[in-house]
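Engineer: Sharing a structure here in structure tokens format.
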Amino acid sequence: MSSQSVSSIDMLKRLVAFDTTSRNSNLDLIKYIQAYLDEQKVASTLVPNEEGTKANLFATIGPDTEGGIVLSGHTDVVPVDGQPWDTDPWTLTEKADGNLYGRGTCDMKGFIAACLANLPAFQHAKLKVPLHFAFSYDEEIGCLGAPALVEKLVGAVKRPQAVIVGEPTMMGVVNAQNAGGGLVATFTGFEAHSSMTHLGVSAIHFAGEFIHWLNDLQEELAARTDAKTDTLPNHTTINVGVIKGGTAGNILARECTLNWGYRTLPHGDFTEVQRRAEQYIAELLLPKMKAKHPDADITLRRRSFVPGLKPEENEEAAKLALQWTGGNRTYAVPYGTEAGIFRARGIPTVICGPGDISQAHQPNEFVARSQMDACDTFMTKMVRWAER
186 MSSQSVSSID
196 MLKRLVAFDT
206 TSRNSNLDLI
216 KYIQAYLDEQ
226 KVASTLVPNE
236 EGTKANLFAT
246 IGPDTEGGIV
256 LSGHTDVVPV
266 DGQPWDTDPW
276 TLTEKADGNL
286 YGRGTCDMKG
296 FIAACLANLP
306 AFQHAKLKVP
316 LHFAFSYDEE
326 IGCLGAPALV
336 EKLVGAVKRP
346 QAVIVGEPTM
356 MGVVNAQNAG
366 GGLVATFTGF
376 EAHSSMTHLG
386 VSAIHFAGEF
396 IHWLNDLQEE
406 LAARTDAKTD
416 TLPNHTTINV
426 GVIKGGTAGN
436 ILARECTLNW
446 GYRTLPHGDF
456 TEVQRRAEQY
466 IAELLLPKMK
476 AKHPDADITL
486 RRRSFVPGLK
496 PEENEEAAKL
506 ALQWTGGNRT
516 YAVPYGTEAG
526 IFRARGIPTV
536 ICGPGDISQA
546 HQPNEFVARS
556 QMDACDTFMT
566 KMVRWAER
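Heads up, the sequence shown is in this note's numbering, so the first residue is 186 and it goes up one at a time.
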């Protein structure tokens, strides 16, 4: 690896080449980043998962003092399976429109690339407060890696002044996000021949009843909005993302599993959807299944939870980020990020990064070169502030 400094776009090219789809290990990318930091004489700490197949990474540049800034990003990306890409998703491709195409360019290797490319400038600056890198795994499947990363980071460094989570916001400053819960509902029926429905219980049919109930609940919740938050949509949302079940068209399904979740407004009751689902299952749906066969069952398991972000809790971080972007207002978003996990540890946190969220998870995902330039400018202004 060359010790010469690289541009943010050159670094992005290197990062995109690693297929860090969440189902895969991210260790090759993490080892690359660690080697790059080692070359720059920056020590780093890995926080692996239990299996040792993935790892978070954090590092500190500058003095061992309070009041630093955490630059946070996730290393995993969503799958490209079945998407009609015009270019190789694992090769950064710049087109005449000024956009840089590749999986993760927008969500969110662009921000990580800017952090790493600006490391030499961080090193040469006369920092009065430290800058911390915090790079996680498995954000895309429920922010699974970040809790251990944040726990380790908070225990290892003196209290930071702010966290910048570099998800794509077109370099706008976001100080509010929805809370999000991911759940798995497993329906266990009793197999029988499809002509003898009175002898069995179809797990799929009852899963369908549950989905119908979720749709009704969604309509009820959509009627509630919050004037304090300008998200779009401005109400709690519910989605069933994956359904698996059944063995054959002429057998009553023994099992059906739903992978589903909800997003609650920042000031909303983030326990309501799960609480009401548990109540509906216990009081109505499960008794109805058991009336057909005593061995029928339904379990509801929480897969993940991402805390929300309230604007009034993050004014300190928002003020700083607005200085570095040159913006004059903050925004709220309906999606979840790792920002709520940092905020839950008492650190003012905002979301601000290059790219448009509408490009996230799409075929032909891209980040504009102008957005990468804007992120570099953000980093330059941040360093000047840290030298104050």
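Backbone N, C-alpha and C fix where the C-beta goes; we use that ideal spot for every residue, glycine too.
None of the values given here were measured: they were computed from a predicted structure.
In chain order, what are the residue ranges of uninterrupted beta strand (DSSP E) at least 3 long that sit wholly in the segment 500-537?
Structural biologist: 515-518, 534-536, all fully within the segment 500-537.
Engineer: Just to confirm my understanding: we take ARG486, look at its own chain, exclude 5 residues before and 5 after, and list those with CB closer than 7 angstroms. What are they?
Structural biologist: In the sequence shown, residue 486 corresponds to position 301, counting from 1. Contacts found: LEU368, VAL369.
Engineer: Straight-line CA distance for ASP261 to VAL535?
Structural biologist: Along the sequence shown, one-based indexing puts residue 261 at 76. Along the sequence shown, one-based indexing puts residue 535 at 350. The straight-line gap from Cα to Cα measures roughly 20 angstroms.
Engineer: Out of ILE436, THR422, ASP415, ILE389, which one is the CA nearest neighbour of HIS378?
Structural biologist: In the sequence shown, the residue the question calls residue 378 occupies position 193. When each option's Cα is compared against that of HIS378, the closest is ILE436.
Engineer: In chain order, which alpha helix (DSSP H) runs of at least 4 residues are fully inside the segment 328-400?
Structural biologist: 331-341
Engineer: For the alpha helix (DSSP H) containing SER193, name the first residue and the last one.
Structural biologist: The count along the sequence shown starts at 1 and reaches residue 193 at position 8. 193-201 is the extent of the alpha helix (DSSP H) around SER193.
Engineer: The beta strand (DSSP E) with TYR447 in it runs from where to where?
Structural biologist: As a working mapping, residue 447 is identified with position 262 in the sequence shown. Taken as a continuous stretch (DSSP letters only), the beta strand (DSSP E) holding TYR447 covers 440-449.
Engineer: At which residues does the alpha helix (DSSP H) containing PHE455 begin and terminate?
Structural biologist: Along the sequence shown, read from residue 1 onward, the residue named residue 455 stands at position 270. No alpha helix (DSSP H) holds PHE455; DSSP gives it neither H nor E.
Engineer: Just to confirm, are GLY330 and GLU324 a CB contact at a threshold of 8 angstroms?
Structural biologist: Residue 330 sits at position 145 when you count from the first residue of the sequence shown. Residue 324 sits at position 139 when you count from the first residue of the sequence shown. It is a contact, given that the beta carbons lie within the stated cut-off.
Engineer: Assess, as a yes-or-no matter, whether the segment 551-567 is touched by the segment 504-516 under the definition of 3 or more beta carbon pairs within less than 8 angstroms.
Structural biologist: With a cut-off of 8 angstroms on Cβ pairs, the segment 504-516 is in contact with the segment 551-567, counting three or more such pairs.
Engineer: Sorted by chain position, which residues of the same chain lie with C-beta nearer than 6 angstroms to GLY431's C-beta, five sequence neighbours on each side aside?
Structural biologist: On the sequence shown, position 246 is the one that residue 431 refers to. Closer than 6 angstroms at the Cβ level, and outside the excluded window around GLY431, lie ILE389, ALA438.
Engineer: Identify whether LEU406 lies in helix, strand or coil by the three-state DSSP scheme.
Structural biologist: Taking the sequence shown and counting its residues from 1, the one referred to as residue 406 is at position 221. Helix.
Engineer: Just how far apart, CA to CA, sit SER188 and ALA302?
Structural biologist: What you label residue 188 is simply residue 3 of the sequence shown in a count that begins at 1. What you label residue 302 is simply residue 117 of the sequence shown in a count that begins at 1. Because SER188 sits at a pLDDT of 48, beneath the cut-off of 50, its placement in the model cannot be relied upon, and the following sentence gives the value as read from the coordinates. Spanning the two alpha carbons is a distance of roughly 12 angstroms.
Engineer: Apart from the five residues just before and just after THR522, which ones in its own chain have a Cβ nearer than 7 angstroms to its Cβ?
Structural biologist: Along the sequence shown, read from residue 1 onward, the residue named residue 522 stands at position 337. The answer, listed in chain order, is VAL350, GLU352, GLN362, ILE536.
Engineer: Considering only residues of the same chain and omitting the five flanking positions on each side of ILE215, which have a CB-CB separation below 6 angstroms?
Structural biologist: Position 30 of the sequence shown, counted from the start, is the residue given in the question as residue 215. Result list for ILE215: ALA240, LEU242, in chain order.
Engineer: Pick helix, strand or coil for ALA302, following the three-state DSSP scheme.
Structural biologist: For the purposes of this step, residue 302 is taken as residue 117 along the sequence shown, with counting starting at 1. Residue state, collapsed to three classes: helix.
Engineer: For the beta strand (DSSP E) holding LYS216, just list the boundary residues, first then last.
Structural biologist: Counted from its first residue, the sequence shown places residue 216 at position 31. Premise fails: LYS216 lies in the alpha helix (DSSP H), 212-224, not in any beta strand (DSSP E).
Engineer: Provide the residue(s) that pair with ARG488 in DSSP beta bridges, ordered along the chain.
Structural biologist: Stepping through the sequence shown from its first residue, residue 488 is reached at position 303. Answer is none; ARG488 lacks a bridge partner.
Engineer: Compare the beta carbon distance of VAL491 and CYS291 with 8 angstroms and say whether it is the shorter of the two.
Structural biologist: Along the sequence shown, read from residue 1 onward, the residue named residue 491 stands at position 306. Along the sequence shown, read from residue 1 onward, the residue named residue 291 stands at position 106. In this structure, the beta-carbon distance from VAL491 to CYS291 does not fall below 8 angstroms.
Engineer: Of the choices ASN419, ASP415, VAL425, THR410, whose alpha-carbon is the least far from that of ASN400?
Structural biologist: For the purposes of this step, residue 400 is identified with residue 215 of the sequence shown, where counting begins at 1. The shortest Cα separation from ASN400 among ASN419, ASP415, VAL425, THR410 belongs to VAL425.
Engineer: Can you look up HIS309 in the DSSP assignment and give me helix, strand or coil?
Structural biologist: Here residue 309 refers to the residue found at position 124 of the sequence shown. Here HIS309 sits in helix by DSSP.
Engineer: Among the residues of its own chain, which have a CB less than 6 angstroms from the CB of PRO264, if the five just before and after it don't count?
Structural biologist: For this step, residue 264 is matched to residue 79 along the sequence shown. Cβ within range, chain order: THR206.
Engineer: Along the chain, where does the beta strand (DSSP E) containing ALA240 start, and where does it finish?
Structural biologist: Taking the sequence shown and counting its residues from 1, the one referred to as residue 240 is at position 55. Run containing ALA240: 240-246, per the beta strand (DSSP E) assignment.
Engineer: Would VAL255 and PRO345 qualify as a contact pair, given that the criterion is a beta-carbon distance under 8 angstroms?
Structural biologist: Taking the sequence shown and counting its residues from 1, the one referred to as residue 255 is at position 70. Taking the sequence shown and counting its residues from 1, the one referred to as residue 345 is at position 160. Yes, they are a contact pair.
Engineer: For the beta strand (DSSP E) that contains VAL255, what are its first and last residues?
Structural biologist: The count along the sequence shown starts at 1 and reaches residue 255 at position 70. VAL255 -> beta strand (DSSP E) spans 254-259.
Engineer: Please classify SER543: does DSSP put it in a helix, a strand, or coil?
Structural biologist: Here residue 543 refers to the residue found at position 358 when the sequence shown is read from its first residue. Per DSSP, reduced to three states, the secondary structure at SER543 is helical.
Engineer: Starting from ALA553 and walking both ways along the beta strand (DSSP E), at which residues does that stretch end?
Structural biologist: Along the sequence shown, read from residue 1 onward, the residue named residue 553 stands at position 368. From DSSP, the beta strand (DSSP E) with ALA553 extends over 551-553.
Engineer: At what residues does the beta strand (DSSP E) containing LEU316 begin and finish?
Structural biologist: Counted from its first residue, the sequence shown places residue 316 at position 131. Per DSSP, LEU316 belongs to the beta strand (DSSP E) from 316-321.
Engineer: In angstroms, rounded to a whole number, what distance separates the CA positions of MET186 and SER192?
Structural biologist: On the sequence shown, residue 186 is found 1 positions in, with the first residue counted as 1. On the sequence shown, residue 192 is found 7 positions in, with the first residue counted as 1. Only weak support is given to the placement of MET186: the predicted model assigns it a pLDDT of 44, under 50, and the value that follows is read from those uncertain coordinates. Cα-Cα distance, rounded: 15 angstroms.
Engineer: What do you get for ALA384, buried or exposed, if any count of 16 or more other CB atoms within 10 angstroms of its CB means buried?
Structural biologist: Taking the sequence shown and counting its residues from 1, one reaches residue 384 at position 199. Note on identity: in this sequence residue 384 is Leu, with Ala being the wrong assignment. It counts as exposed.
Engineer: Applying the 10 Å Cβ sphere with the 16-neighbour rule, what's the burial state of MET381?
Structural biologist: Locating residue 381 in the sequence shown gives position 196, counting from the first residue. The residue is exposed, with fewer than 16 neighbouring Cβ atoms inside 10 Å.
Engineer: Do we get a CB-CB distance below 8 angstroms when we pair GLU336 with the residues of chain C?
Structural biologist: The structure shown contains no chain C; it is built from a single protein chain.
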